[in-house]
Amino acid sequence: MIAALIVFAYLATVLYIGIFAFRKYERKAGAEEFFVAGRSLGPAVFLLSLFGTNMTAFTILGSAGHAFGNGILTFGLMASASAFVIPLCLFLFGTRIWALGRRFGFITPVQMFRDRWQCGHIGTVIFVLQAALLVPYIIIGVMGGGATIAAISGGAVPYWIGGAIVAIVVMSYVFLGGMRGTAFVNAFQTVLFLSFGVAAILFIGYRSGGFDGAMARIAASPDAWLLTRERVSPWYFFAYTLIPLSTIAFPHISIFCLTARRMREFKRTIILYPICILAIWLPCVYLGVAANGLRDVPAIEQKLEARAALASPDTPAEDREALRAQARGDDVVIVLLEHYAPIWLAGLLGAGIMAAVMASDSQILALSTMFTEDVFTYYGGTERFGERTQVATGRAFVVLVTAVAYLLAIQAPQSIFDLAVQYAFTGYAALVPLLVGALFWRRSTKWGALAVALWTAGLVIGVAVFQSVVPAPPPGQTVAVWTVGGVDILARGATGTSIFGLLPVVTAVIGSALLMWVVSLVTPPPQREVVARYFAEA
Amino acid sequence: MRGFLLTLAVVALYVLHQDFWFWRDGTLVFGVMPIGLFYHALYCVASAVLMWALVTFAWPSDLDDLANPEPGQQPTTSHQQPL
């Protein structure tokens, strides 16, 4: 109960920060202030908030859980690739998005695409696609919040009340504080969960007698493969490096790039981003791996026994689903904290977990910003009703999105949204050629942009339908559905789909890039005067 | 030349992410850290160093001019009305 009280104190603090931001900047309350914090964030808030915006519940809970079942692979797959690709994208794309936003007054990426390619309805198609890919994240955020509060309170606060509390807190500070409130809260949350990783590893390491024994036990066990990557192919590992491309195409990240006061605020963010990734992911992944050697924790021992039973061919098929659920490691950090950390520290660290879980704030604000700017304003709402109504519409949309997300979160099974999020990364990565075309290629056209949008939507829907029609085979097996000349073109594995033996993201990104290139070249070039505004020498 | 070297460094670091030489190596560095994990932790530090080099030697200062044009040069856009 002490832990739950600390978490509630944390939620109250977060609410206060959002309301404080609202009061301090209420006088400036125009659309630019509400949606992009008046383009005035300084270097520290910009770095911490941008990093926090991109961290989700998966960063702390999911990464440790993934590492518990897959070993050190998790870090190279998800963390170090991001440590390289994301800051590089901020350097190449983020700075340009900021400069164009500052010059032309853009608040959303679709505004930029519409102006760059002089397209109206194609921009609306891109808006619909971006919004559809964003919704599952918001729902997963509410689900994570409910589940975490229920777990930390030992079940005293049920899932549906926990989800409602998180939804109301997030909605309140986004509603009142807009981008500035969200940015301050994100900066505070980033400090919390950066501290979380270090504190957790120090306490668990100290109280468990050091990690050398745990690692030696793993190395001497049949699970020694957890310390290597021998169970995945280098091609799978390589394909995963395309996933972090999605970050710069996320609307909440590209919109956030517009909040910097000056372009030089990007400098420290770009340099320190890999270090922040290291600081948060390494402790979580390490704890997830080391947990396999901490068999004196009863809950861990039960998970390992379930895994061993799953590996046995004698285990009946009807028992496997329950064993799989028991072997899952998503709660492994919470289990270790409950066993090794004093209760007050577990509460503080629980607040750190909540900080990561509550990452849906930026997505809710981004969706509200996109709807208000790309639909309400674009189709004449602001001109007819004024800027105050525009901001009021944005706020009303925040309430609507949060309410719908909550209702869906308490009624629908999480697996649906997990799947949607999994392929949303692929979808956003496939949208990166839109940014390349708009920002770097004069000859790119609106028809090329439309081809990219339709290809992305088609591929994501196609993979989702394929996975719902073709059942997943047992772990370790692959079912080829379409083979030509001995080459598996389309196959279904236990965890997803593969195209030409690779993750769908490879086909998605290459297909998008080719379509942008070919379709742009065969369609009429864009107007010279428009291109001249974007490229100095044109 | 500077641009070429930095591009080469970016490509090299991307390739170095694919450390097939530690793929099946479970050696524990300092007795506690699997070598594959240790390598990728160092990779993050190397990324930070490369980003520092990009920011220091290839910073797109021209974008500041694009963002803040001379008075009277503020162009109009069409993003706020239907085309």
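The listed protein sequences correspond, in order, to chains B and G.
If you count by this note's numbering, then the first sequence holds residues 954 to 1491, one letter each, in order.
If you count by this note's numbering, then the second sequence holds residues 39 to 121, one letter each, in order.
The beta carbon of each residue, even a glycine, is placed where N, CA and C say it ideally should be.
Paired residues, beta bridge with residue i - DSSP
{"i": "residue 71/G", "result": "67/G"}
{"i": "residue 1435/B", "result": "1443/B"}
{"i": "residue 1451/B", "result": "1444/B"}
{"i": "residue 1213/B", "result": "994/B"}
Cβ neighbour criterion (16 or more within 10 Å) applied to residue i
{"i": "residue 1023/B", "result": "buried"}
{"i": "residue 71/G", "result": "buried"}
{"i": "residue 955/B", "result": "exposed"}
{"i": "residue 1317/B", "result": "buried"}
{"i": "residue 1151/B", "result": "exposed"}
{"i": "residue 65/G", "result": "exposed"}
{"i": "residue 1472/B", "result": "buried"}
{"i": "residue 1063/B", "result": "buried"}
{"i": "residue 1131/B", "result": "buried"}
{"i": "residue 1319/B", "result": "buried"}
{"i": "residue 1098/B", "result": "buried"}
{"i": "residue 54/G", "result": "exposed"}
{"i": "residue 1297/B", "result": "exposed"}
{"i": "residue 1096/B", "result": "buried"}
{"i": "residue 1270/B", "result": "exposed"}
{"i": "residue 1323/B", "result": "buried"}
{"i": "residue 48/G", "result": "buried"}
{"i": "residue 1475/B", "result": "exposed"}
{"i": "residue 1448/B", "result": "exposed"}
{"i": "residue 1065/B", "result": "buried"}
{"i": "residue 1283/B", "result": "buried"}
{"i": "residue 1074/B", "result": "exposed"}
{"i": "residue 1129/B", "result": "buried"}
{"i": "residue 1385/B", "result": "buried"}
Simplified DSSP state of residue i, which is helix, strand or coil
{"i": "residue 1425/B", "result": "coil"}
{"i": "residue 1394/B", "result": "coil"}
{"i": "residue 1314/B", "result": "helix"}
{"i": "residue 1160/B", "result": "helix"}
{"i": "residue 1333/B", "result": "coil"}
{"i": "residue 1125/B", "result": "helix"}
{"i": "residue 102/G", "result": "helix"}
{"i": "residue 983/B", "result": "coil"}
{"i": "residue 1045/B", "result": "helix"}
{"i": "residue 1031/B", "result": "helix"}
{"i": "residue 1065/B", "result": "helix"}
{"i": "residue 90/G", "result": "helix"}
{"i": "residue 1328/B", "result": "helix"}
{"i": "residue 1110/B", "result": "coil"}
{"i": "residue 1181/B", "result": "coil"}
{"i": "residue 39/G", "result": "coil"}
{"i": "residue 972/B", "result": "helix"}
{"i": "residue 1255/B", "result": "helix"}
{"i": "residue 121/G", "result": "Interpretation of residue 121/G is limited by its pLDDT of 47, a score under 50 that renders its predicted location unreliable; no figure is taken from the coordinates."}
{"i": "residue 1025/B", "result": "coil"}
{"i": "residue 1174/B", "result": "coil"}
{"i": "residue 1400/B", "result": "helix"}
{"i": "residue 1493/B", "result": "In the structure displayed, chain B extends from 954 to 1491; residue 1493/B sits before or after that span and is not available."}
{"i": "residue 78/G", "result": "helix"}
{"i": "residue 85/G", "result": "helix"}
{"i": "residue 1265/B", "result": "coil"}
Residue i, enclosing alpha helix (DSSP H) - first and last residue
{"i": "residue 1207/B", "result": "1204-1209"}
{"i": "residue 1084/B", "result": "1074-1105"}
{"i": "residue 1463/B", "result": "1457-1475"}
{"i": "residue 1236/B", "result": "1218-1243"}
{"i": "residue 1015/B", "result": "From DSSP, residue 1015/B is part of no alpha helix (DSSP H); its letter is neither H nor E."}
{"i": "residue 1246/B", "result": "Segment: none, residue 1246/B is in no alpha helix (DSSP H) and carries neither H nor E."}
{"i": "residue 1347/B", "result": "1340-1364"}
{"i": "residue 1279/B", "result": "1270-1280"}
{"i": "residue 1188/B", "result": "1187-1192"}
{"i": "residue 1060/B", "result": "First-last for residue 1060/B: undefined, no H or E at that position."}
{"i": "residue 1009/B", "result": "Taken as a continuous stretch (DSSP letters only), residue 1009/B belongs to no alpha helix (DSSP H), as it is neither H nor E."}
{"i": "residue 1485/B", "result": "1481-1487"}
{"i": "residue 1196/B", "result": "Premise fails: residue 1196/B is in no alpha helix (DSSP H) and is neither H nor E."}
{"i": "residue 1290/B", "result": "1285-1293"}
Residues, ordered as in the chain, of the segment 1033-1047 of chain B that lie near chain G by beta-carbon distance below 8 Å
Cβ contacts with chain G come from 1033, 1034, 1036, 1037, 1040, 1041 and 1044.
Got a sec: which bits of the segment 1155-1186 of chain B sit with their beta carbon under 7 Å from any beta carbon on chain G, in order along the chain?
Going along the segment 1155-1186 of chain B in chain order, one finds 1164, 1165, 1168, 1172, 1177, 1180, 1181, 1182 and 1183 with a Cβ nearer than 7 Å to chain G.
Mind checking the segment 1207-1230 of chain B against chain G and listing, in chain order, the residues whose C-beta falls within less than 9 Å of any C-beta there?
Within the segment 1207-1230 of chain B, those residues whose Cβ lies closer than 9 Å to any Cβ of chain G are, in chain order, 1215, 1216, 1217, 1219, 1220, 1221, 1223, 1224, 1225, 1226, 1227, 1228 and 1230.
According to a CB-to-CB cut-off of less than 9 Å, which residues of the segment 56-67 of chain G neighbour chain B?
Within the segment 56-67 of chain G, the qualifying residues are 56, 57, 58, 60, 61, 62, 63, 64, 65 and 66.
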